[in-house]
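Undergrad: Dumping the structure here so I can ask a few things about it.
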Amino acid sequence: MKTELRKVYECEYCGRRMLSAGAMGYHEKWCKKNPKNRHKCFELCRHLKRTLNMYTRGIEFECLKTGAKMYSFQLEKRNYYAYRQNPQNMERMPLECNKFDEMTFEEQEKRFKRISKKSHKSLACVAELRYK
-12 MKTELRKVYE CEYCGRRMLS AGAMGYHEKW CKKNPKNRHK CFELCRHLKR TLNMYTRGIE
48 FECLKTGAKM YSFQLEKRNY YAYRQNPQNM ERMPLECNKF DEMTFEEQEK RFKRISKKSH
108 KSLACVAELR YK
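Counting from 1, position 114 in the sequence shown corresponds to residue 101 in the working numbering; the numbering is continuous, with no gaps.
Here is the structure:
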């Protein structure tokens, strides 16, 4: 039997473990549970509008209260190493927002039923186009 003693690095936010300090530093910076990446809008704000862009196959976010187009930390993460630039005419989603208004349960039910129906339809269209 072979045993080794090694340093194990653990994420402060989610508890994930890794053997590389560099990889753990990268993970902690972009971890979903990192407070710097927890956008208030995602806590079921009724003013957040999500739209699926069929050309880029990405989700676009817009605040219905301010009319601002926004992006999440995920897009920032993708562009950070690839292009080192943030999207034009867009702002990062706020971590705290004074315009935050939580949806009622009925609104959540209505919105998520509509989204799931739309996503199934759009996926069916994409699959249909692929196989023609």
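Even glycine gets a Cβ: it sits at the ideal position worked out from N, Cα and C. Quick caveat, the model's predicted, so the values are computed rather than measured.
1. What are the boundary residues of the beta strand (DSSP E) that G9 is part of?
2. Am I right that H26 and M80 are in contact with their C-beta atoms under 8 Å? What's the rounded C-beta distance?
3. Does the contact criterion of 3 or more C-beta pairs under 8 Å hold for the stretch -10 to 1 versus the stretch 11 to 31?
4. Would you tell me roughly how many angstroms separate the C-alpha atoms of R37 and L82, rounded to the nearest one?
5. Mapping the DSSP letters down to three states, classify F87 as helix, strand or coil.
6. How many whole angstroms separate the CB atoms of E63 and M57, which I take to be in contact at a CB cut-off of 8 Å?
7. Taking DSSP as the reference, what is the three-state secondary structure of C120?
8. Using the rule of at least 16 other Cβ atoms within 10 Å of the residue's Cβ for burial, across every protein chain shown, is F60 buried or exposed?
9. Quick one: what does DSSP say R44 is sitting in, helix, strand or coil?
10. For N24, which residues from the same chain have a beta carbon less than 6 Å from its beta carbon, with the 5 sequence-adjacent residues on both sides left out?
TA: For this structure:
1. Note, G9: premise wrong, no beta strand (DSSP E); alpha helix (DSSP H) at 8 to 17.
2. 4 Å
3. yes
4. Taking the Cα positions, R37 is about 18 Å away from L82.
5. coil
6. Wrong, their Cβ atoms sit about 11 Å apart, outside the cutoff.
7. What is shown of the chain runs -12 to 119, which leaves residue 120 out entirely.
8. buried
9. coil
10. F60
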